[in-house]
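Here is the structure we will look at.
In UniProt numbering, the protein residues as written are 1 to 981.
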């Protein structure tokens, strides 16, 4: 049974991702929102013959007693292709199509390794209705971005083609199904296309390489020894890809690309009967000669000959990677068996999930309390229809990995020998209950893309799909049987396996051996119940008040949609927008202080430590464990981030918990605690992770790019071990305590809540704080610098010698005064990226995915940049710079074509329209609007700024910002490279 909220951690966001744009307003804001609702559903017609009647058991539910999700309509074509369609209006106008081929890397023969993934590329390259180079532009003209809205994924067991089609009117839908049918049924597989795509696949493989990939490869070989999964990663091998011929790839296609091996799932803002008709029209005549191939035997986990069945340990490996942190994973491996997806079976899965949640809470408690590991986690997983495994993963804090392993095994031994206490078990039950209830409340706004993904995922694991209400009903129906004794039995089963395998990764040669790891896993362990969470009561009623509740000084319409601006007597301002766009969900953001500019260079390490440990250090007399206990049975969050010009608390909650959520945020400002343990843990994590960044160009980009483009500003740097060692818990408090007290506060509450209840909650929380003065600009540190014109930086990495990266960074602007120009630069950036994509990926196979990023800070703090980057071969770094220079010069001299502009503006327009259906979009756009009227004025032109321009406008911007300015050049090359000298 697959469902979007099958466990608490599986709850899915239903808000479309906001564009990283900036703000929109007044009547124009309403028109943006209205435009997103403009599509109409076509009239219904007679159902196609392939559509199963509603009173018939759908093909997905055969042999199952899981209640059928009648929102889906199911069908089977005469050729054996199965499909499911569903009417879903989230976001409005969009239709999400998923086409799953039941063939992945496990279906390849030895000489075909990588062919399933190579085929994925070939389908996008050329097919019946799309010539070479036409696929991506065609989808862009239809409003779909490549990579986000149209993509494909090849796994060990399947290949899935994905399309999220915006403004999917009948004509666009017809065209989309026509094009997709041509891709799937008639790709052009010739030697020219194979030869062109192999270098691109190898570029993708190259960019994944390095120590991390080596560990993944060797770990896969250890855990799945003797099974196909051990030697068939979807990316393939250089040898088999290099030897690929059109005839061999065509043979793989002929065996597996058949209607009987295909499932199509479609969910979106359209009549499901009409969607079924389109599937029948374009896939109904697809027939392939010959018999359907039998699925190969994936193999079962087997212990080596001679292994004592009473001590089942199979293969163990020790991998030495000098730049990677210590990590140890062992797995209890069992044979994977197909199941009947029944209510009883799913009750067992939920029991297993409860057992894992309980153990993981204990493991976390041990880590917080001074255990020998940084983190630890237990997870049961059915892996690629190859094994049913329980994996245990943790990161030793020191070279004494045996002590860390002993700590972890002792906690697990206690869970497998003694039942949990009723209080512990009830706590996990309450957590699951609130997550499942939230799933029901939010089901109406689950995106069609997620629904389609869920159904396709169910096919992969040979299960059904269930509505959120069904999941809740099954969970509640089994509650009486969830006893401590039953939990003990399920926990024991999780760790009962035919073979145990383990991998230890260490930076230190000679620290461990495979036999030593094997012996440690076999060694007796004494159960340790000290990590059990003691029964105690923590409730909001016992917590101290923030202060005397405040009064509302003013309340008036903001002038955007139905949002209200509220000001409290102490100066706190708030934006309130009760709406039913996302039932059951309330989003809360709190902005205060000065962000990065509040820090001097010498305090830079405390920025990262604050994001990691500030919340965990406690509030109102509570530590992190108390806060976790307080949140049991509630929907509360507590995220913290440091921005360019402010600090932000954020959370998703619900109306019933809104008052408590606001109390937590306000109490962190008024009643902070300074527990040193989270700080020590954050420091350990930072030290352990730092060297891993140097193992690849991508790692160094993540570590150093932001500081490099700002002249080496340490406030944007990932703190080095030396910087971390120079910090202390005492100084952490000295830095952060005054920052929590400084600066005006803005609270944003958007979602499904009652206005009067929110006002009352504001009065007793933020309204009870003492008045706060604005941050004095004279006390702020310098603004971030712009990239240094014409400068060059060369960094070296310690990864594979065929990996490099190249970056160009141009300074642009910031602030709302010229925000329209910043948005137009987003269009220009996408045009540059499309050209770089053609140049570096298609023509040379030099880079898999060049990127262009435009960062125009809304706050006038400087530091805006347009960045172009690519991961590539070291020999192609100069080619990237030359290609970029030629592209910029041509755009400045001649401008783009009208088609190039349209291929960018239409997908951007669609992104904006889809994003407006979620509260997150408006929260981002209106951040700071309670005090800055420019934020409101900037909303007026938002949609036009992103969707309307001319080639001449793009030409002018290219001349102004790119051609006339020397960019900062950054190259990341292997140690010893000629470019590093």
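Built from N, CA and C at the ideal position, the CB exists for glycine as well. None of these values were measured; they are calculated from a predicted model.
Check: Taking the DSSP output, what are the residues bridged to residue 870?; Outcome: 806
Check: Can you tell me the Cα-Cα spacing of residue 117 and residue 935, whole angstroms?; Outcome: 46 Å
Check: Taking the alpha-carbon positions, what's the residue 708 to residue 965 distance?; Outcome: 18 Å
Check: For the alpha helix (DSSP H) holding residue 360, just list the boundary residues, first then last.; Outcome: 343-368
Check: Could you name each continuous alpha helix (DSSP H) segment of 4 residues or more that falls completely within the stretch 787-843, going from the start of the chain to the end?; Outcome: 819-836
Check: In whole angstroms, what separates the C-alpha of residue 778 from that of residue 598?; Outcome: 11 Å
Check: Would residue 87 pass as a contact of residue 268 if the rule is Cβ separation under 9 Å?; Outcome: yes
Check: Please list, in chain order, all residues of the same chain as residue 253 whose beta carbon is under 8 Å from its beta carbon, the five residues on each side excluded.; Outcome: 119, 187 and 189
Check: Assuming residue 652 and residue 449 form a contact by the criterion Cβ under 8 Å, report the distance between their Cβ atoms to the nearest whole angstrom.; Outcome: Going by Cβ atoms, the distance from residue 652 to residue 449 rounds to 19 Å, so no, they are not a contact pair.
Check: Drop a sphere of 10 angstroms on the beta-carbon of residue 227, count the other beta-carbons inside from all chains shown, and report buried for 16 or more, exposed for fewer.; Outcome: buried
Check: Using 10 angstroms around the beta-carbon of residue 975, count the other beta-carbons present and answer buried if the total reaches 16, otherwise exposed.; Outcome: exposed
Check: Do you know whose CA, among 129, 317, 977 and 530, lies nearest residue 175's CA?; Outcome: 129
Check: From what residue to what residue does the beta strand (DSSP E) around residue 165 run?; Outcome: 159-165
Check: Among 195, 201 and 160, which one has its Cα closest to the Cα of residue 183?; Outcome: 160
Check: Smallest Cα separation from residue 813: which of 832, 802, 866 and 437?; Outcome: 866
Check: May I have the straight-line CA-CA distance separating residue 216 from residue 933, to the nearest angstrom?; Outcome: 52 Å
Check: Can we say the stretch 791-798 touches the stretch 850-870, given the rule of at least three CB pairs closer than 8 Å?; Outcome: no
Check: Evaluate residue 369 with the Cβ neighbour count: other Cβ atoms within 10 Å of its Cβ, from every protein chain shown; 16 or more gives buried, anything less gives exposed.; Outcome: exposed
Check: Using a threshold of 9 Å, state whether the C-beta atoms of residue 106 and residue 313 are closer than that.; Outcome: no
Check: Buried or exposed: residue 114, going by 16 or more other Cβ atoms within 10 Å of its Cβ?; Outcome: buried
Check: In this structure, what does DSSP give as the bridge partners for residue 268?; Outcome: 87 and 95
Check: For residue 969, tell me which candidate among 905, 405, 868 and 873 has the shortest Cα-Cα distance.; Outcome: 868
Check: Look up residue 977 in the DSSP assignment and say whether it is helix, strand or coil.; Outcome: coil
Check: Which of the three DSSP states, helix, strand or coil, is assigned to residue 43?; Outcome: Only weak support exists for where residue 43 lies, its pLDDT of 48 falling under 50; the value from the coordinates is given anyway. Here residue 43 sits in coil by DSSP.
Check: Tell me whether the beta-carbon of residue 219 lies closer than 9 Å to the beta-carbon of residue 317.; Outcome: yes
Check: Taking the continuous beta strand (DSSP E) assigned at residue 74, which residues delimit it?; Outcome: 72-76
Check: Run through DSSP, which three-state label would residue 542 get?; Outcome: helix
Check: Residue 452 and residue 70: beta carbons closer than 9 Å?; Outcome: no
Check: With DSSP collapsed to three states, give me the class of residue 851.; Outcome: strand
Check: What is the DSSP secondary structure of residue 607, reduced to helix, strand or coil?; Outcome: helix
Check: So residue 194 packs on residue 246, CB below 8 Å; how close in whole Å?; Outcome: 5 Å
Check: Measure from the alpha carbon of residue 538 to the alpha carbon of each residue in 621, 331 and 479, then state which is nearest.; Outcome: 621
Check: Going by C-alpha distance, which of 372, 166 and 343 is nearest residue 466?; Outcome: 343
Check: From this set, 615, 836 and 359, which residue's C-alpha is nearest residue 882's C-alpha?; Outcome: 836
Check: Taking Cβ positions, are residue 199 and residue 845 nearer each other than 9 Å?; Outcome: yes
Check: From which residue to which residue does the beta strand (DSSP E) around residue 910 run?; Outcome: Here residue 910 belongs to no beta strand (DSSP E); instead the alpha helix (DSSP H) covers 898-915.
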